[in-house]
Every structure is written in structure tokens, then in C-alpha cells.
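**Q** Structure provided below as C-alpha cells; questions to follow.
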Amino acid sequence: QFTQQYQPAVCNSNPTPCSDPTDKLFTVHGLWPSKSSGRDPKRCSKTPVQSQTITNLKAQLEIIWPNVLNRANNITFWETQWEKHGTCGGPTIQGDEHYFRTVIKMYITQKQNVSKILSKAKIEPEGKIWAREEIVKAIRQSTDDKRPKLKCKKNTQNTELVEVTLCSDENLTQFINCPRPYPKGSRYFCPINGIQY
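Residue 61 in full-length UniProt numbering sits at position 61 of the sequence shown, with consecutive numbering throughout.
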């Protein structure tokens, strides 16, 4: 699951204010191995991130994968993503550097940037209200007609689009329908109408 978060909505839905100004775009939250049913794997080994890996990729990661809540803490955020999720990506993911380079490739080279996907369909981050199907249809046009997973959060007046997940097969070679959407009744459920983005 390649999950991206919309920075303003993340900050609006967080009990503690974000320490930095947000950009009106989706940035990476993580690349998470998952199962179609049951619990997703986590912390599959105790292999830490090599400091040289972060040094080599820091400039790119800071742009596409910031810690939205606290950008001064990017490195800890990336280390956590690797330790919690990346270590479970084998055999497709072959180490920490491959994990981070894969995310960079997916977001930039393979054009899996959700902000650009939505913009291509004339859905811009202007605070407008959208129907769920409009958002899903726009994304499906860029994912070989495969269903994304949406995460919303109701705030004082509005339900905001917080995250979009694009799902791929275990080899990361083709899109698949995302399993297990948030069910009605979940605090992350996206309603049929009234989604702000």
C-alpha cells in the first residue's frame, strides 16, 4: 500500500498543531506491505536504517516524504517507517536504501503522486466539496482502473480527505484494487458526498 497524506488535512485532524506551515499537496506517508485479509505485517526484523542511506537520499525525501507534523523530526519518521513497514517488504524490497529509492521512484518517476493525479482530473486543493465517486474515478484513471483506499476525517464542519492509498501487487509491478476500505461507521470513512479537498 503506497499511502500519501494531504498535509493541511493531516494537521487539521491532529490534536497537536503541526509545527511547520503545510503545503497544499499530498506527500508520502509510507509504503506498507499488507495482506488482503488479517493483520498487516509490522516490524519484521530489527534491521536499522544505515545513516549513509539517509544522507544519500535526504534531499529528495525531505520534499516527497516530510514528517508533516514536525519537519525537524524527518529522520526519526523515516527510520520508523523503515523499521515498522520496510523491513516486511522482502523479497521485493531488498534493504533500506532500496525501500527509500522505491518510494522515490513510485512518487516521481512512475507518476504515482496523488496531487498530480487529482489535478489531471481538474480536482485541485481549493477547499471545494467533492463526491467520493469523483475522487475515486479521477484516481482510477491513473491506476489502470483499480480502486484506491480513501481515508477521511470529520472536523468541526467538514469531512476532509486526509489520505489516499494506491495498491500494487507484491512485486510492485501492477496496480490492484485496494483491500479493506474503511467501513461505514469508522472514524476514517469517506461519505458518498461532502468530502473537502
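Each residue gets a CB set at the ideal place from its N, CA and C atoms; glycine is no exception.
Owing to the predicted nature of the structure, the values given are computational and were not obtained by experimental measurement.
Specify whether the region 16-32 and the region 134-144 touch according to this definition: at least 3 beta carbon pairs, one from each stretch, less than 8 Å apart.
**A** Counting Cβ pairs under 8 Å, fewer than three are found: no touch.
**Q** Given 8 Å as the limit, is there contact between the region 30-40 and the region 86-96, that is, 3 or more CB pairs closer than that?
**A** Touching, yes.
**Q** Counting only the same chain and skipping the five closest in sequence on each side, list residues whose C-beta sits under 8 Å from that of cysteine 178.
**A** These residues qualify, in order along the chain: Gln1, Lys146, Arg147, Pro148, Lys149, Thr165, Leu166 and Cys167.
**Q** Give the range of the alpha helix (DSSP H) segment to which phenylalanine 77 is assigned.
**A** Note, phenylalanine 77: alpha helix (DSSP H), 74-84.
**Q** For alanine 121, which residues from the same chain have a beta carbon less than 7 Å from its beta carbon, with the 5 sequence-adjacent residues on both sides left out?
**A** Hits under 7 Å: Ala138 and Gln141.
**Q** Rounded to whole angstroms, what's the CA-CA distance from lysine 84 to isoleucine 123? Just pull it up for me.
**A** If you take the alpha carbons of lysine 84 and isoleucine 123, they lie about 33 Å apart.
**Q** With distances taken from CA atoms, which of Tyr107, Lys153 and Gln174 is nearest tryptophan 65?
**A** With distances taken between Cα atoms, tryptophan 65 lies closest to Tyr107.
**Q** Can you name the start and end residues of the alpha helix (DSSP H) that glutamate 163 belongs to?
**A** Careful: glutamate 163 lies outside any alpha helix (DSSP H), inside the beta strand (DSSP E) at 159-168.
**Q** For tryptophan 130, which residues does DSSP report across the bridge?
**A** In DSSP, tryptophan 130 forms a bridge with Ile195.
**Q** Mind checking whether glutamate 163 and glutamine 4 have CB atoms under 9 Å apart?
**A** The answer is yes: Cβ separation under 9 Å.
**Q** Return yes when the C-beta of phenylalanine 26 is under 8 Å from any heavy atom of the ligand PLP, and no when it is not.
**A** This structure simply doesn't include the ligand PLP, nor any ligand for that matter.
**Q** Could you name the residues that DSSP lists as bridge partners for glycine 30?
**A** DSSP output for glycine 30 lists Thr3 as bridge partner(s).
**Q** Rounding to the nearest angstrom, what Cα-Cα distance links glutamate 62 and arginine 187 in this structure?
**A** Those two C-alpha atoms are separated by around 29 Å.
**Q** Compute the beta-carbon to beta-carbon distance between threonine 92 and leucine 31, rounded to the nearest angstrom, for a pair I have assumed lies under 8 Å.
**A** 10 Å between Cβ atoms; not a contact.
**Q** How would you write the range of the beta strand (DSSP E) that leucine 150 sits in, first residue to last?
**A** 149-154 is the span of the beta strand (DSSP E), which, as asked, contains leucine 150.
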